[in-house]
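In case it helps, the numbering used here puts the sequence shown at residues 3 to 185.
The beta-carbon is built from N, C-alpha and C at its ideal position, and this holds for glycine as well.
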Amino acid sequence: MGRLSEVTVLFADTRGFTALIHQRGPEEITPYIDEFFKRCSSIMIKHDGIIDHFRGDAVLGFFNVPIRHDDHVQRAIAAAHEIQKAVPDINLAKGEEDLLKVGIGITTGWGLTTTVGSNRCTDYTVMGDVANLASRLQGMAGPGEILVSSDVYQAVQNGFPGARERVLELKGIDEPYVAFTLE
């Protein structure tokens, strides 16, 4: 029933999606989200990441399972930067300069990787604090930001000397949480 594995989780979500749908309608916004998902998929695959799922306007993916890499944290960071660089291209290709904006949260730690569902529909997923925290960090990341846990930052800090430390209040975590915004 799954296995406990060291994973790095990337959660990317667009900003202002509900307002965009309300203002412009799903017919106009869906092509942007579709292209965003396509780009995220190809970027994640390029870095040996797994797409856990697409939900609404968000992408959850993880690294180091089932394809193991000692540099799984660095792979997630590289994917996040490529995703952020792809967003302006998506906007311009669709005729808008600044429509989609994305915030990304990344964590690393131990999570249960498993298949869940029924005999008709299954999902290969990661569960645990590592996934929940990535979601929380994504929610706190501003447009265009990559917000990472302190464990992720420790693994990549030499490459990001200008990272900004942030002390956050996160749902489900009793104490203030230290995270870092990567430029």
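Inset, instruction - For Arg122, count neighbouring Cβ atoms within 10 angstroms of its own Cβ and tell me buried if that reaches 16, exposed if not. - result: Locating residue 122 in the sequence shown gives position 120, counting from the first residue. Counting Cβ neighbours within 10 Å, Arg122 comes out exposed, since fewer than 16 surround it.
Legend entry - For Ala88 and Ala95, the rounded distance between their alpha carbons: Counting from one through the sequence shown, the residue named residue 95 turns up at place 93. Counting from one through the sequence shown, the residue named residue 88 turns up at place 86. So the alpha carbons of these two residues sit roughly 10 Å apart.
Inset, instruction - Find the nearest neighbour of Arg17 within the set Lys40, Arg5, Thr117, Asp100, judged by alpha-carbon distance. - result: Along the sequence shown, one-based indexing puts residue 17 at 15. Nearest C-alpha to Arg17: Asp100.
Legend entry - Delimiting residues of the alpha helix (DSSP H) encompassing Gly141: If you number the sequence shown from 1, residue 141 lands on position 139. From DSSP, the alpha helix (DSSP H) with Gly141 extends over 131–142.
Legend entry - Collapsed DSSP secondary structure at Leu149 in the structure displayed: Numbered from 1 along the sequence shown, position 147 holds the residue referred to as residue 149. Reduced to three states, the DSSP call for Leu149 is strand.
Inset, instruction - Give the straight-line distance between the Cα atoms of Ile92 and Arg41, rounded to the nearest whole angstrom. - result: Counting from one through the sequence shown, the residue named residue 92 turns up at place 90. Counting from one through the sequence shown, the residue named residue 41 turns up at place 39. Their Cα atoms are separated by approximately 9 Å.
Inset, instruction - Determine, using beta carbons only, whether Ile85 and Ile47 come nearer to each other than 8 Å. - result: As a first step, residue 85 is located in the sequence shown; it is residue number 83 there, counting from the start. As a first step, residue 47 is located in the sequence shown; it is residue number 45 there, counting from the start. Result no, Cβ atoms of Ile85 and Ile47 do not sit closer than 8 Å.
Legend entry - Ranges of the beta strand (DSSP E) found wholly within the region 47–88, counting only runs of at least 3: Counting only runs of 3 or more, we get 51–57, 60–65.
Inset, instruction - Kindly confirm or deny that the region 137–151 and the region 19–36 touch, where touching means at least three C-beta pairs closer than 8 Å. - result: no
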